[in-house]
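Working notes for the structure below.
Number of protein chains: 2
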Amino acid sequence: MGQTLDGTAVGIGVPRVVIIGAGFGGLRAARALANAPVNVMLLDRTNYHLFQPLLYQVATAGLSPDEIAYPVRAIFRKQKNLEFRMTEVQQVDLAGRRLLTNTGEIPYDTLILAAGGETNYFGLDSVARNSFGLKSLADATRLRNHILRMFELAAQESSPEKCLAMRTFVIAGGGPTGVECAGAISELIRLVLAKDYPRLNFDDVRVILLEGTGRLLPGMPDRLANATVEKLKQKHVEVRFGAQVTGFDGTQVTLKVQDAGGAVPDSRNETLPACTLIWAAGVRAVQLVDSLGVKQGSQGRVLVNSCLQIPEHPEVFVIGDAAFLSTNGDGSKPVPLPMVAPVAMQQAAVAAENIQRHLAGKPLKDFVYKDPGSLATIGRNAAVARLGRWEFKGFIAWVLWLVVHILQLIGFRNRLVVMINWVWDYLFYDRAVRLIE
Amino acid sequence: MGQTLDGTAVGIGVPRVVIIGAGFGGLRAARALANAPVNVMLLDRTNYHLFQPLLYQVATAGLSPDEIAYPVRAIFRKQKNLEFRMTEVQQVDLAGRRLLTNTGEIPYDTLILAAGGETNYFGLDSVARNSFGLKSLADATRLRNHILRMFELAAQESSPEKCLAMRTFVIAGGGPTGVECAGAISELIRLVLAKDYPRLNFDDVRVILLEGTGRLLPGMPDRLANATVEKLKQKHVEVRFGAQVTGFDGTQVTLKVQDAGGAVPDSRNETLPACTLIWAAGVRAVQLVDSLGVKQGSQGRVLVNSCLQIPEHPEVFVIGDAAFLSTNGDGSKPVPLPMVAPVAMQQAAVAAENIQRHLAGKPLKDFVYKDPGSLATIGRNAAVARLGRWEFKGFIAWVLWLVVHILQLIGFRNRLVVMINWVWDYLFYDRAVRLIE
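Below is the structure:
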């Protein structure tokens, strides 16, 4: 055993694999290297792995942050070849094979860049400033506090206009996050908060889901997308298609609305008084990758070859939301893989395998995505699911959604506590975490 | 039914009782007035009731905030004569019988001031700026984040001096909060974090409990206080008596140390390199009461008569930490009641009864405190308890402590989830909420 420049004890000559990000991809890659002849250093800005698919439940007071976050160090206690560091990577020096972080320099032999995505505001500054994203725990608790505060303020507000804007919740983006968020907010308000505020009018509370295109849930078949619209309407969510947000000042959303139906598409501007805009309309690769100086595809994602490497820097693998795969491995035309957990996890496995293949002098493997399907829940007893060629909706899809998400959580305690909360909320129409912290 | 000036529908002529604070006292008073011929308005800065005795467990990653906080509106859903408002009272206009708040004016006929206490820094500005109090949820999560961050930073620190200061935790104040906090921090570090940081030295981690006087736990008999010192030492907590903090700059605690033993007490100054100072050495009534312009006793507490009223303003009752009772009701010499939940709750019951007696034209009742005893836990299997003339220590006292605290929590879900966490932590030496948020 020897000593590297930064004081960490490592085997001399054992390659150091540094992984940026402890999300779905980074975690899977780190585990896959457990028995490889390498030293793994895993880096993350936070000290926990976040189960992002349930973030919207933290934002709607159903779960508490600790139930969907798990300390990274606890996950890797038994993995002897891994060291974790909580640090923020500020720059990747590709030529020097080192990372510049807020706690110093970290050299690498091989890098797995699994830094994920962030909210994409498409240059809409007022939206970036005033709306609520949903990518981090801080985002989620901030949104929860805001929603609850709106009702406390509305209960004391004398102006009917202001009071209505406080009770109007606009969600931009009709993907899974937007759909799940809209359904959950509507249920929080109508099933729970309505009982908390007996003196407040709940008939004119509005939850509005805006989608720029003509349909919801791009990953779903038409039949399920249409069922989702129906179910959302039943749950008192207004769904508006062809509506694009152009700005938000904290009290008013400005829209460009495309009127469908006419021979010539007609667009007009509209304003919507609302104190809450939730931005689920765009994701992009984290800005860290912009400084790499390599080719990027749509949404800022780094172009990688079929083995998931940056072509000019084969020692750097990019996976998950941060990566743009220009072909699907089979030589077909360029297809951007969706920014979802299964892509990141499958790519992590291939990146880890390729690192071991390289060390063993074997040829690298191409990545081929196997789409496991897609799930989205709308609320109580309501979800849609596509699994291979199977389609489900309603109660069965909802139970499927519950089981899949419980199983994917890390740690028995988290599974148990989340399950208790779900059963509790289902039986008693409750959301226990409605605290303004 | 009529309309008051602020728009709330109330019965004409029905007196309005306003209660400031939804702590132990305010909550009990509000409930006790459920069937009284009055309208109750309950005010609090937050939207939840906080179970303060378990705050230190939030600070040491054992419990999550929602497990010890309960939405006030959920508590009072069925109490028809009560309205809750989340607001911050900025001034009490005793002459005008109205409150000035950050959301407008609130008039009252009768006021119950149950605004509680806050951390008392005794004018030590550097301590107020840099140390950690433990009175609110925000305090607790801030402290939790800080403790965990110290280990993440220590794991990456090259200077041995800095690294040691990051792993030195000083708690000032040997009351129940200081004792429980010191025990819990030591267990968090040695039972849990030691497993998370295999590369970090834990032999020189220091947890130091400082007490200005010569003994711990003022409310406990000597025998139990001494047993507490022994138990803390077993749990690797250094207990130092006669040590008074004079300042803290974030990296170094300055002390005045009284050397006991000599015929003439000798004091000297000392410095202690440490990045963490937890201030559990003083509490005072909230500063709101300073602006009342009435007589205050020690710790800023408002002097009340034996019926708990401000003598010049019999329509104002003050209870709990904010009140100073100048006699114990039986005409004995002035005695400041301890700033603990049982005092607040018993006073709440008497204040509520006196309001109803006044409305019924009956003479008011004097408050007499019945001391139910005192409990403090040091850690796993270790606590001390005084119940009437009975004294317990060790495992029995610890079980007693667990039962009493579980029963006092509000809500079945919170009891269940806290119990699960405690069993889990006990069996697996875990603290699940060790997130740096």
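Chains L and P supply the protein sequences, listed in that same order.
Reading the first sequence from the start, the letters are residues 110 to 546 in my numbering.
Reading the second sequence from the start, the letters are residues 110 to 546 in my numbering.
Every residue, glycine too, gets a C-beta built ideally from N, C-alpha and C.
In the structure shown, what three-state DSSP assignment does residue 438 of chain P receive? Because the pLDDT of residue 438 of chain P is 49, which lies under 50, any placement of that residue in the model is unreliable, and the number read from its coordinates should be weighed accordingly. Reduced to three states, the DSSP call for residue 438 of chain P is coil.
List, in chain order, every chain P residue whose beta-carbon is nearer than 8 Å to that of residue 173 of chain L. 173, 174, 175, 176
Among the residues of its own chain, which have a CB less than 6 Å from the CB of residue 135 of chain P, if the five just before and after it don't count? 128, 223
Take every Cβ of the segment 373 to 391 of chain L, pair it with every Cβ of the segment 224 to 238 of chain L, and state whether three or more of those distances are shorter than 8 Å. Counting C-beta pairs with one atom in each stretch, the segment 373 to 391 of chain L and the segment 224 to 238 of chain L have three or more that are closer than 8 Å, which means they touch.
Please report the distance separating the alpha-carbon of residue 189 of chain L from that of residue 180 of chain L. 17 Å
Just to make sure I have the definition right: I need the residues of chain L whose C-beta is within less than 7 Å of the C-beta of residue 156 of chain P. Which are they? 257, 261, 544, 545
Taking the beta carbon of residue 333 of chain P as the centre, do at least 16 other beta carbons fall within 10 Å, making it buried, or is it exposed? buried
Verify the CB distance criterion: does residue 250 of chain L have a CB-CB separation below 9 Å to chain P? With 9 Å as the cut-off, residue 250 of chain L counts as an interface residue toward chain P.
Just to check my reading of the structure: residue 123 of chain L and residue 147 of chain L have Cβ atoms closer than 8 Å, yes? What is that Cβ distance to the nearest angstrom? 6 Å
Residue 293 of chain L and residue 497 of chain L closer than 9 Å at C-beta: no
Could you work out which residue in P/159, P/338, P/203 is closest to residue 346 of chain P when comparing CA atoms only? P/338
Under a three-way DSSP split, which group does residue 150 of chain P fall into? strand
Do you know offhand how far residue 204 of chain L's Cα is from residue 524 of chain L's? 44 Å
Give the interface partners of residue 161 of chain L over in chain P, defined as CB-CB distance under 7 Å, in chain order. The premise fails here: residue 161 of chain L is roughly 15 Å from chain P at the closest Cβ pair, so nothing lies under 7 Å.
In the segment 185 to 211 of chain L, which residues sit with their C-beta less than 8 Å from some C-beta in chain P, listed in chain order? 186, 192, 194, 195, 196
Cβ-based neighbour list, residue 490 of chain L, same chain, cut-off 6 Å, excluding 5 preceding and 5 following: So the list reads 504, 507, once near-sequence residues are dropped.
Expressed to the nearest angstrom, what Euclidean distance is found between the alpha-carbon atoms of residue 501 of chain L and residue 302 of chain L? The straight-line gap from Cα to Cα measures roughly 31 Å.
According to the neighbour-count rule (16 or more other Cβ atoms, all chains shown, within 10 Å of its Cβ), is residue 169 of chain L buried or exposed? buried
Between residue 522 of chain P and chain L, is any beta-carbon pair separated by less than 9 Å? yes
Inspect the CB distances between the segment 243 to 256 of chain L and the segment 416 to 423 of chain L and report whether three or more fall short of 8 Å. no
For residue 157 of chain P, count neighbouring Cβ atoms within 10 angstroms of its own Cβ and tell me buried if that reaches 16, exposed if not. Buried, since its Cβ has 16 or more Cβ neighbours within 10 Å.
When L/483, L/481, L/469, L/462 are compared against residue 475 of chain L, the one with the closest alpha-carbon: L/462
Neighbourhood of residue 536 of chain L by C-beta, 8 Å cutoff - its chain only, sequence neighbours within 5 removed: none
Answer with buried or exposed for residue 469 of chain P, where buried requires no fewer than 16 other C-beta atoms within 10 angstroms of its C-beta. exposed
Give the single residue among L/273, L/365, L/173 whose Cα lies nearest to the Cα of residue 246 of chain L. That would be L/173, whose Cα lies nearest to the Cα of residue 246 of chain L.
Are residue 361 of chain L and residue 321 of chain L closer than 9 Å when you measure CB to CB? no
Proximal chain P residues relative to residue 529 of chain L, where beta-carbon distance stays under 8 Å: 522, 525, 526, 529
Comparing the C-beta of residue 180 of chain L with each C-beta of chain P, is any distance below 9 Å? yes
If I measure Cβ to Cβ from residue 125 of chain L and keep anything under 6 Å in the same chain, skipping five residues before and after, which residues do I get? 148, 217, 218
Answer with yes or no whether the minimum CB distance from residue 119 of chain L to chain P is below 9 Å. Low per-residue confidence applies at residue 119 of chain L: pLDDT is 41, beneath 50, and the placement is therefore not dependable, though the value from the model is reported in the following sentence. It does not; no Cβ of chain P falls within 9 Å.
Quick one: does residue 535 of chain P have its CB under 9 Å from some CB of chain L? no
Any beta carbon of chain L sitting closer than 9 Å to that of residue 127 of chain P? no
What are the residues that DSSP puts in a beta bridge with residue 193 of chain P? P/151
Within a Cβ cutoff of 7 Å, which residues of the same chain sit near residue 515 of chain P, ignoring the five residues on either side of it in sequence? 524, 527, 528
Please confirm whether residue 377 of chain P has its beta-carbon closer than 9 Å to some beta-carbon of chain L. Not closer than 9 Å to any Cβ of chain L, the Cβ of residue 377 of chain P fails to qualify, so no.
Secondary structure of residue 376 of chain L, DSSP reduced to three states: strand
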